[in-house]
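These notes are about the structure you will find just below.
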Amino acid sequence: MKQKYERPTIRKMNTGFMNKFGTRTDFDPVSEIDGISVKSLVKQYGSPVFVLSEKRIRKNYQAAVRSFKTRYPKVQFAWSYKTNYLNAVCKIFHQEGSWAEVVSGFEYHKALGNGVAGNQIIFNGPDKKEADLVLAIENHSLIHIDHFDELYQIIRICEQINKKAKVAVRVNFDTGVYPIWDRFGFNYENGHVWTAINKIVTSGNLELVGLHCHIGTFMLSTSAYSVAATKLCDLAMRCKNELQTAIQYLDLGGGFPSTNTLKGAYLPGVDTVPSVEEFAEAITNTILNFSFSTDELPLLILESGRVLIDDAGYLIGSVLANKRLSDGRRATIVDFGINILFTSNWYDHKISVAKEAGQYTEETVLFGPLCMNIDVVRESINLPLLESGDHLIVHKVGAYNMTQWMQFINMRPSVVLIDQKGQSHQIRTPETLEYLEMMELLPDHLK
Ligand SMILES: *Cc1c(COP(=O)(O)O)cnc(C)c1O
Numbered sequence: 016m017k018q019k020y021e022r023p024t025i026r027k028m029n030t031g032f033m034n035k036f037g038t039r040t041d042f043d044p045v046s047e048i049d050g051i052s053v054k055s056l057v058k059q060y061g062s063p064v065f066v067l068s069e070k071r072i073r074k075n076y077q078a079a080v081r082s083f084k085t086r087y088p089k090v091q092f093a094w095s096y097k098t099n100y101l102n103a104v105c106k107i108f109h110q111e112g113s114w115a116e117v118v119s120g121f122e123y124h125k126a127l128g129n130g131v132a133g134n135q136i137i138f139n140g141p142d143k144k145e146a147d148l149v150l151a152i153e154n155h156s157l158i159h160i161d162h163f164d165e166l167y168q169i170i171r172i173c174e175q176i177n178k179k180a181k182v183a184v185r186v187n188f189d190t191g192v193y194p195i196w197d198r199f200g201f202n203y204e205n206g207h208v209w210t211a212i213n214k215i216v217t218s219g220n221l222e223l224v225g226l227h228c229h230i231g232t233f234m235l236s237t238s239a240y241s242v243a244a245t246k247l248c249d250l251a252m253r254c255k256n257e258l259q260t261a262i263q264y265l266d267l268g269g270g271f272p273s274t275n276t277l278k279g280a281y282l283p284g285v286d287t288v289p290s291v292e293e294f295a296e297a298i299t300n301t302i303l304n305f306s307f308s309t310d311e312l313p314l315l316i317l318e319s320g321r322v323l324i325d326d327a328g329y330l331i332g333s334v335l336a337n338k339r340l341s342d343g344r345r346a347t348i349v350d351f352g353i354n355i356l357f358t359s360n361w362y363d364h365k366i367s368v369a370k371e372a373g374q375y376t377e378e379t380v381l382f383g384p385l386c387m388n389i390d391v392v393r394e395s396i397n398l399p400l401l402e403s404g405d406h407l408i409v410h411k412v413g414a415y416n417m418t419q420w421m422q423f424i425n426m427r428p429s430v431v432l433i434d435q436k437g438q439s440h441q442i443r444t445p446e447t448l449e450y451l452e453m454m455e456l457l458p459d460h461l462k
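If you're matching positions, the sequence shown starts at 16 in the numbering used here and goes up one per residue.
And the structure:
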């Protein structure tokens with residue numbers, strides 16, 4: 016076959032350079048996921064395709080629970096639905112014993128649909144519709160109040176339907192990490208949270224069962240969690256001593272980082288982010304050092320999202336074409352864009368090739384297939400030379416991509432789960448034109 020002519024350019028060779036652990040292994044091909052070859056996954060489910068490892072999800076969950084339970088006697092996880100609310104994923108977490116943490120009416124109904132008992136659903140978020148609040152009160156769900164207007168609304172609903180609501184307050188505070196996440200919940204330092212607590216306790220028809228915070232996401236500071244736990248414990252003590260109200264649980268929210276590498280970070284995430292064990296140590300030591308008597312120790316709730324699922328998700332895609340940019344840089348166009356890989360905004364995702372490629376690598380820009388200039392999956396990545404049709408694997412994409420993905424000029428792809436026996440299951444079919452147009456209506460004069 017006649018070779019295609021490429022204009023000659025001069026490039027630095029990046030073969031076999033060292034990192035602190037020796038030779039880089041980032042370029043090692045990844046030809047299978049949980050025992051199934053990348054090639055056969057693409058053949059069966061198309062390209063691109065998201066793949067989730069059930070084995071990895073369960074391992075992550077069990078390890079996180081163990082990190083806390085070996086340090087503190089009463090621990091409960093609640094799966095953060097918005098991180099990935101595909102029903103198959105939620106069901107895995109619920110099978111493992113996780114409650115549900117939801118932030119909208121839509122998610123609340125999804126949790127009920129997944130068979131979660133009403134009293135094991137935590138209802139967060141600033142936008143809870145009246146009908147959803149009524150349902151949540153009737154189901155004895157744990158309603159985490161975000162603002163005073165919501166507090167008054169719940170008091171009114173309880174009077175109207177003559178029911179008691181189980182509530183907690185979402186608290187925000189200075190944890191030493193800036194900017195402070197103070198847009199959700201009641202502030203600690205300015206006293207609003209104490210006012211809210213007083214109003215709840217004296218209302219008569221609300222039962223204050225817990226205190227909640229969620230101090231941020233992809234948090235790199237374990238001490239921020241110590242500060243948060245200290246402030247929640249302080250409030251719990253004041254509730255007991257000043258209001259004769261025992262707080263049943265402290266909910267420390269989510270926010271533990273996955274091992275992805277943040278854009279602009281000097282070292283890879285795997286080498287730098289604290290482990291769940293370290294966060295568990297910081298949180299549980301703080302609570303245990305407060306003077307709760309053993310029988311009054313509050314239940315500790317965690318709402319972890321990304322740390323439990325990010326590394327269980329892969330996106331397999333294919334090379335469409337290569338080209339040279341005007342400055343000589345190599346560009347590779349792939350069949351997945353930032354519309355289905357939202358997290359490429361924040362992370363330099365690790366990307367592997369599926370086949371054995373040469374040692375020669377070259378700095379490459381990875382473009383998605385969208386007709387938009389911003390569709391850049393990686394600004395700069397060292398990759399071996401690839402040909403159209405070659406497969407790439409994007410790592411650690413399990414969190415937020417399958418909920419924040421956007422439909423634009425193409426359909427959203429299949430999602431596949433590989434079970435613990437190594438069998439693959441399609442858990443979301445690729446979208447079709449018919450599905451997309453289902454919601455459209457044509458006025459008579461345009462028919
Ligand atoms: C998003 C969210 C979580 C999960 O956060 P991660 O950073 O993914 O762990 C937990 N709780 C609340 C209230 C959230 O909004």
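Glycine included, each C-beta is placed from N, C-alpha and C at the ideal position.
So what does DSSP say about V66, is it helix, strand or coil? strand
When the distance is taken between beta carbons, is K181 closer than 9 Å to E222? yes
Pairwise C-alpha distance: E204 and N304: 22 Å
Would you mind working out which of E394, L400 and L381 sits nearest Q13, comparing C-alpha positions? Past the edges of the chain, shown from 16 to 462, lies residue 13, and the structure says nothing about it.
Which residues bound the beta strand (DSSP E) around V288? Premise fails: V288 is in no beta strand (DSSP E) and is neither H nor E.
Does DSSP put T376 in a helix, a strand or coil? strand
Report whether the distance from the Cβ of N139 to the nearest heavy atom of ligand 1 is below 8 Å. yes
Straight-line Cα distance separating S319 from I433: 22 Å
Cα-Cα separation between I137 and S82, rounded to whole angstroms: 22 Å
What I want to know is whether the C-beta of F163 ends up closer than 8 Å to one or more non-hydrogen atoms of ligand 1. no
Would you identify the three-state DSSP class for G37, choosing helix, strand or coil? The predicted position of G37 is uncertain, since its pLDDT is 47 and thus under 50; a value taken from the coordinates is nonetheless stated next. It is a strand residue.
Please determine whether the Cβ atom of E122 lies at a distance below 8 Å from any heavy atom of ligand 1. no
With 16 other CB atoms within 10 Å as the buried threshold, where does E174 fall? exposed
Does ligand 1 have even one heavy atom less than 8 Å from the beta-carbon of F271? yes
For a minimum of 3 consecutive residues, which ranges assigned as the beta strand (DSSP E) are wholly contained in the segment 184 to 269? 221 to 227 and 264 to 266
heavy atom of ligand 1 below 8 Å from R198 C-beta: no
Verify whether the separation of the beta carbon atoms of I396 and L67 is less than 9 Å. no
Which of helix, strand or coil DSSP assigns to Q91: strand
Can you check which of these residues, D189, I51 and D43, is closest to G437 by C-alpha distance? I51
So the beta strand (DSSP E) G120 belongs to, where does it begin and stop? It is not in any beta strand (DSSP E) - G120 instead sits in the alpha helix (DSSP H) that spans G120 to G128.
How is the alpha helix (DSSP H) around L103 delimited, first residue to last? Residue 103 is actually Ala in this sequence, not Leu. Unbroken alpha helix (DSSP H) run through A103: N102 to Q110.
Can you tell which of M426, D405 and A261 has its C-alpha closest to the C-alpha of L335? D405
Among D350, L247, Y329 and F188, nearest to K365 - alpha-carbon criterion: Y329
In chain order, what residues of the same chain lie with their CB nearer than 6 Å to the CB of K178, ignoring the 5 residues before and after it? I152
First and last residue of the uninterrupted alpha helix (DSSP H) at K58: V53 to Y60
Of the residues N129, E371, N102 and I212, which one's Cα is nearest the Cα of R253? I212
Does the beta-carbon of V8 have 16 or more other beta-carbons within 10 angstroms, so that it is buried, or is it exposed? The shown model of the chain, from 16 to 462, leaves out residue 8, and the question about it has no answer.
With a cut-off of 8 Å, do at least 3 Cβ pairs link the segment 75 to 92 to the segment 435 to 453? no
Could you give the distance in angstroms between the alpha-carbon of A244 and the alpha-carbon of T379? 45 Å
Using the beta-carbon count (16 or more within 10 Å), is S341 buried or exposed? exposed
According to DSSP, R339 sits in a beta bridge with which residue or residues? R345
Where S439 falls: helix, strand or coil (DSSP): strand
Residue range of the beta strand (DSSP E) that N177 falls in? From DSSP, N177 is part of no beta strand (DSSP E); its letter is neither H nor E.
If you measure from the CB of G320, is any heavy atom of ligand 1 nearer than 8 Å? yes
Beta-bridge partners of I48, as assigned by DSSP: I51
Applying the 10 Å Cβ sphere with the 16-neighbour rule, what's the burial state of Y193? exposed
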